[in-house]
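Numbering (this note's numbering), first residue to last: 274 to 488. Written below as structure tokens is the structure these notes are about.
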């Protein structure tokens, strides 16, 4: 074999090895590329899922926030409406003394207060003391026998009414009735009556103006 043939054989063998190495390298690079593409696809898919999850969390937070704001606004509106009605009722009631039926109303409130004290359900002839304004005292002085008669007709029991030494302030409307011991009293002044009835007024306003509301 000549020197040239030996060189050619070595070069041919080297080329074969180089081709084999290049093929193996290309195959490895292709596999790595496929692996990287696959991993990248998984990363992108995972990122998309996380983005979607975060979007959903943000949406839920905003939905809750909007619902809370809507509820807060609705409750605020309801409170304003109820308070407006209560204020108007209170202002209207302040003019009761100008009503020609005011004396009759005082009679009813005295009887109601007596029943609130437990009168009319046990013994007869119990004494009760009326506390009112000086002006209302003048209105009631001559009416006491008639009030006692109405109480008897309503309950079947008698009671005796008198006036307390103390007067209510002149701007007060209504009466406070104290039992014979002076230890128990039933306030039927306008302020206390309004306080007791405000819950009913609130309920009526809600039923009329906000039907179906759970508040």
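Virtual Cβ for every residue (Gly too), placed ideally from N, Cα, C.
Start-to-end residues for the beta strand (DSSP E) that takes in residue 459: 458–462
If distances are taken between C-alpha atoms only, which option among 469, 424, 408 comes closest to residue 441? 408
Between residue 332 and the rest of its own chain, which residues show a CB-CB distance below 8 Å, the 5 nearest in sequence each way excluded? none
Exposed or buried, which one is residue 380 when buried takes at least 16 other CB atoms within 10 Å? buried
Cβ-Cβ distance between residue 403 and residue 383 below 8 Å: yes
By how many angstroms is the C-alpha of residue 343 removed from the C-alpha of residue 484? 17 Å
Please check the pair residue 401 and residue 448, which I expect to be a contact at CB under 8 Å, by giving their CB distance rounded to whole angstroms. With a Cβ gap of about 10 Å, residue 401 and residue 448 do not count as contacting.
Given 8 Å, three or more beta-carbon pairs between the stretch 465–475 and the stretch 354–364: yes
Would you say residue 328 lies against chain B (beta-carbon separation less than 8 Å)? Among the chains in the structure shown there is no chain B, since it carries only a single protein chain.
Which residues in the same chain as residue 293 place their Cβ atom closer than 7 Å to its Cβ, once the five residues preceding and following it in sequence are excluded? none
CB of residue 462 within 8 Å of CB of residue 445, strictly: yes
Verify whether the separation of the beta carbon atoms of residue 450 and residue 390 is less than 8 Å. yes
Residues sharing a beta bridge with residue 449, DSSP: 404, 460
Between the alpha carbons of residue 337 and residue 347, how many angstroms are there, rounded? 15 Å
Helix, strand or coil at residue 436 [DSSP, three-state]: strand
Within 8 Å, strictly: CB atoms of residue 354 and residue 474: no
Reducing DSSP to helix, strand and coil, say where residue 443 ends up. coil
Anyone know if the C-beta pair for residue 393 and residue 428 falls short of 8 Å? yes
In the structure shown, what three-state DSSP assignment does residue 488 receive? With a pLDDT of 49 at residue 488, under the threshold of 50, the predicted position of this residue should be treated as unreliable, and no value is reported.
Among the candidates 376, 317, 352, 481, whose CA atom is the shortest distance from the CA of residue 415? 376
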